[in-house]
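Scroll down for the structure; my scribbles are underneath it.
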Amino acid sequence: GNGDGITDTLQPNVTSLPFLNTSTPSTDSTAPEVYVTLAAGGANDGGVHLTNVTQEDAPEDLADDPLAPDLPLGFIRFTAELPPEVDNQDFELFVPAEIEINGYWKQTSGGGWANLASAEYGGSIVIDEHGTQLNFTIQDGGPFDNDGAVNGSIDDPGGPGYVGDSATVFLAHNSGLSIFERLKAYGQ
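If you count the sequence shown from 1, position 174 lands on 174 in the UniProt record's numbering, and the numbers rise without skipping.
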């Protein structure tokens with residue numbers, strides 16, 4: 001759960017569910033389960049309703065992109081119905097400690113990757129003995145709202161994932177990216 005002491009099923013802004021511990025749940029149905037919790041937090045948490053929270057396969061072309069994150073649980077897709085007059089919504093994603101992650105990754109319109117749980121995007125990461133908490137914000141109709149419309153609803157496919165630091169990153173020879181572009185892509 002999200003650790004607030006209230007049963008998650010009694011909160012429309014919180015969903016806890018089992019995910020298969022694989023990046024391809026549609027083809028690896030025998031993978032062990034782990035529980036993840038998504039909460040719409042912040043000042044607007046009382047009026048947000050999370051719906052259609054599901055696990056999806058990570059994009060198939062990740063192996064072809066040296067700058068892409070490893071998404072050990074694939075994508076989490078959800079819809080957040082917002083209260084009136086709300087355009088930015090804070091989210092918290094709780095992932096068990098045994099899953100190695102260092103961000104909440106979204107693919108950008110240009111095909112790159114953004115870590116919404118990074119300071120650059122107003123997010124943060126909290127790690128303790130229970131697991132990793134990814135804190136991030138998505139704007140209704142903004143660049144990371146999948147439907148792209150200001151309509152009181154945020155449609156999100158994104159994933160808890162891991163990208164190594166600049167010392168351990170594999171970069172394809174002649175990838176066409178300068179060292180500065182490579183480091184920027186990794187948030188270093």
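Backbone N, C-alpha and C define an ideal beta-carbon position, used for all residues, glycine too.
Keep in mind that this is a model prediction, so the values were computed, not measured.
According to DSSP, residues forming a beta bridge with Ile6: Residue numbering aside, residue 6 sits at position 6 when the sequence shown is read from its first letter. Ile6 pairs with nothing; no bridge assigned.
Is the beta carbon of Ala31 closer than 8 angstroms to that of Gln89? The residue labelled residue 89 in the question sits at position 89 within the sequence shown. The residue labelled residue 31 in the question sits at position 31 within the sequence shown. No, they are not a contact pair.
Let me know the beta strand (DSSP E) ranges lying completely inside the segment 25-103, each 3 residues or longer, listed in chain order. 33-41, 49-56, 75-81 and 88-96
Taking C-beta to C-beta, are Val134 and Pro96 nearer than 8 angstroms? By one-based count along the sequence shown, residue 134 stands at place 134. By one-based count along the sequence shown, residue 96 stands at place 96. It is Leu, not Val, that sits at residue 134 in the sequence shown. It is not a contact, given that the beta carbons lie outside the stated cut-off.
With DSSP collapsed to three states, give me the class of Ala114. Taking the sequence shown and counting its residues from 1, one reaches residue 114 at position 114. Residue state, collapsed to three classes: strand.
Counting beta carbon pairs with one atom in the segment 59-73 and one in the segment 144-153, are three or more of them shorter than 8 angstroms? no
From Gln107 to Asp61, what does the alpha carbon distance come to, in whole angstroms? Along the sequence shown, read from residue 1 onward, the residue named residue 107 stands at position 107. Along the sequence shown, read from residue 1 onward, the residue named residue 61 stands at position 61. Looking at the two C-alpha atoms, the distance is approximately 12 angstroms.
Using the DSSP secondary-structure output, state which residues sit across from Gly142 in a beta bridge. On the sequence shown, residue 142 is found 142 positions in, with the first residue counted as 1. Beta-bridge pairing links Gly142 to no other residue.
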